[in-house]
Amino acid sequence: MATKRRTRSVDRILEAAAGLFYESGIRGVGVDDVVAASGVSKSTLYTHFRTKDDLVAAYLARTDVAWLEQLQSAAQQAAQPRDQLVALFDALSEAFDRHGFFGCPFVSAGVEAALDSAARQATLIHVKRRNEWLLELSRDANATDPEHLAGHLGLLIDGALATGRLTQSRSVVDAAKSSARAAVLAQTPQPIRQKEHDNDI
1 MATKRRTRSV
11 DRILEAAAGL
21 FYESGIRGVG
31 VDDVVAASGV
41 SKSTLYTHFR
51 TKDDLVAAYL
61 ARTDVAWLEQ
71 LQSAAQQAAQ
81 PRDQLVALFD
91 ALSEAFDRHG
101 FFGCPFVSAG
111 VEAALDSAAR
121 QATLIHVKRR
131 NEWLLELSRD
141 ANATDPEHLA
151 GHLGLLIDGA
161 LATGRLTQSR
171 SVVDAAKSSA
181 RAAVLAQTPQ
191 PIRQKEHDND
201 I
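Residue 70 in the working numbering sits at position 70 of the sequence shown, with consecutive numbering throughout.
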């Protein structure tokens, strides 16, 4: 029973922190804000997270898992690896529709956090994991230069999220997806299908 209560408390804290950090940034949110939004006491929060940095790192670790799952789910709507490399951009549109145009939580955290912070380390881990997955897909697609293609697509993802926050427009995702399609086309030997509804390549 105690374990369940602990899990519920942690979930409430992290869910509240996620919304606040994403919308207002790490520096714009204090521990008191998270306490108020989560409905837990400050002592309960500090029982689970000794410092704000620990809370930020836990938030980013959870977001890393969730965001990769969203990218992979969008990619899996297409059958072939080379089609999946473009279909994954649909996750960005879905994220904007659900959460608004607040950019990439990892880019935001990386910019705000100190160079030696746990938050920046969590951001670097996320980028590494995401790019490794993109590299795996690029290799499965028989790209002529999979490392280059994976890096290119990673930059398109980050750029679309950052620019989306600036412009508050979904059109940046459409542009990023179009650029991804062109990059995949240039790197893969097979012709790429253009679906009528433009959900995949």
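Even for Gly, the Cβ is constructed at its ideal location relative to N, Cα and C.
Asked: Element boundaries [alpha helix (DSSP H), containing residue 131]; Found: 118 to 140
Asked: Residue from 20, 158 and 10 with nearest C-alpha to residue 91; Found: 158
Asked: Limits of the alpha helix (DSSP H) - the one that residue 84 falls within; Found: 81 to 87
Asked: Residue 180 and residue 89 closer than 8 angstroms at C-beta; Found: yes
Asked: Limits of the alpha helix (DSSP H) - the one that residue 50 falls within; Found: Premise fails: residue 50 is in no alpha helix (DSSP H) and is neither H nor E.
Asked: Nearest neighbour of residue 168, chosen from 72, 103 and 21 [CA to CA]; Found: 103
Asked: Three or more C-beta pairs below 8 angstroms linking the segment 120 to 128 and the segment 54 to 73; Found: yes
Asked: Beta-carbon proximity of residue 137 to residue 81, cut-off 8 angstroms; Found: yes
Asked: Neighbour-count burial assignment, residue 47, 16 or more Cβ in a 10 Å radius; Found: exposed
Asked: Complete runs of the beta strand (DSSP E) confined to the segment 9 to 56 [at least 3 residues]; Found: none
Asked: Residue 116 versus residue 110 - alpha carbon distance; Found: 11 angstroms
Asked: For residue 35 and residue 20, believed in contact at Cβ under 8 angstroms, the rounded distance; Found: Residue 20 to residue 35, Cβ: 11 angstroms. No contact.
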